[in-house]
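Peer 1: Can you keep this structure in mind? I'll have questions shortly.
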Amino acid sequence: MGELYRSLARYYDVIYRARLERISQEIDFVEKIFRNDARREVRRVLDTACGTGAPTLELVRRGYEVVGLDINEEMLTVAREKAQREELSVEFMLGDAAALDFQEEFDAVTMFFSSILYLDEDRINELFNSVIKALRPGGVFVADWSNLLFYSDRGPDIREEREGNEIVVTTTWKEFENASQRLHLKHLVQIIHPDGEVRAFFTHENLNVYTAREMRLLAEKHFDEVRIYGDFQRELPANVWRLWLVGIKGQAP
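To convert, take the position in the sequence shown, counting from 1, and add 30; that gives the working numbering.
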């Protein structure tokens, strides 16, 4: 997993360009959650597993005070450079989302891009404990993840993107283990220079597969109220590709 977030950090936004183009739509939906599900006004946000900062910076553009946190310094370096280019005021911190050292400092905590799927059940419980401590009373935790029950073996997916004078070709394979509910996500990233030189990187990520029901059961141990939404609807239709966890911290007694 490290190769994608370290050696390829500067190409991350290119590899996931199609995904990043949906950021504005996703933050539109998250703002609806802030307005309708949080029990307090959301002004200060902690964006965990923030990576190169795409959601983080979009929240800042919309007027929120945001702290971005990630476990990979290389990704944070890219995020800081992007913020500096736009002259956006945001703090980026190196740290583990499951071991936060905050005490009721945030109105909302977010985790985007299916990052929660990198955690097994024990780590998710640690994450939720950590988030509860970081949230102010009435605050809200929002995380999205892909509904991998929609997974189908369609063979490799190949995407080509141009970045400056380079061409980046990403070939992706997905291998699903039904019994263990694990997804192996493999990427071959080829960076082609104008002179024909090719640099190639192979990455292999292991993701856990959680249903909406499983995620709800885990979250209900920690949050005062839990809601699961589908795609960009504040309800859970029968068939959805993207799921949203909303965990609400109780008010102070």
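Every residue, glycine too, gets a C-beta built ideally from N, C-alpha and C.
Could you tell me which of 193, 215, 231 sits nearest to residue 239, measuring between CA atoms?
Peer 2: When only C-alpha atoms are compared, the closest one is 215.
Peer 1: Once DSSP output is grouped into helix, strand and coil, what is the label at residue 186?
Peer 2: Coil at residue 186, not helix or strand.
Peer 1: Who does residue 144 pair with in a DSSP beta bridge?
Peer 2: In the DSSP output, where bridge partners are listed per residue, residue 144 has none listed.
Peer 1: Buried or exposed: where does residue 88 fall if 16 or more other Cβ atoms within 10 Å of its Cβ makes it buried?
Peer 2: Result: buried.
Peer 1: Can you give the Cα-Cα distance for residue 97 and residue 75, rounded to whole angstroms?
Peer 2: If you take the alpha carbons of residue 97 and residue 75, they lie about 6 angstroms apart.
Peer 1: Taking the CB atoms as reference points, tell me whether residue 199 and residue 67 lie closer together than 8 angstroms.
Peer 2: Against a cut-off of 8 angstroms, the Cβ pair of residue 67 and residue 199 comes out as no contact.
Peer 1: Measure the C-alpha to C-alpha separation of residue 193 and residue 102 and round it to an integer number of angstroms.
Peer 2: Computed Cα separation, rounded: 23 angstroms.
Peer 1: Can you round the beta-carbon distance between residue 217 and residue 202 to whole angstroms, since I take them to be within the 8 angstroms contact cut?
Peer 2: About 5 angstroms separates the two Cβ atoms, so the contact holds.
Peer 1: Give me the Cα-Cα distance between residue 259 and residue 142, rounded to the nearest whole angstrom.
Peer 2: Whole-angstrom Cα-Cα distance: 14 angstroms.
Peer 1: Just the C-alpha distance for residue 254 and residue 277, rounded to the nearest angstrom, thanks.
Peer 2: Distance between the alpha carbons of residue 254 and residue 277: 7 angstroms.
Peer 1: Suppose the cutoff is 6 angstroms on Cβ atoms and the five residues either side in sequence are ignored; what does the same chain contact list for residue 224 look like?
Peer 2: Result list for residue 224: 195, in chain order.
Peer 1: Among the candidates 187, 174, 250, whose CA atom is the shortest distance from the CA of residue 263?
Peer 2: It is 174.
Peer 1: At which residues does the beta strand (DSSP E) containing residue 167 begin and terminate?
Peer 2: Unbroken beta strand (DSSP E) run through residue 167: 165 to 176.
Peer 1: Pull up the distance between the alpha-carbon of residue 209 and that of residue 265, whole angstroms please.
Peer 2: Cα to Cα, the separation comes out at about 29 angstroms.
Peer 1: Measure from the alpha carbon of residue 99 to the alpha carbon of each residue in 109, 180, 154, then state which is nearest.
Peer 2: When only C-alpha atoms are compared, the closest one is 109.
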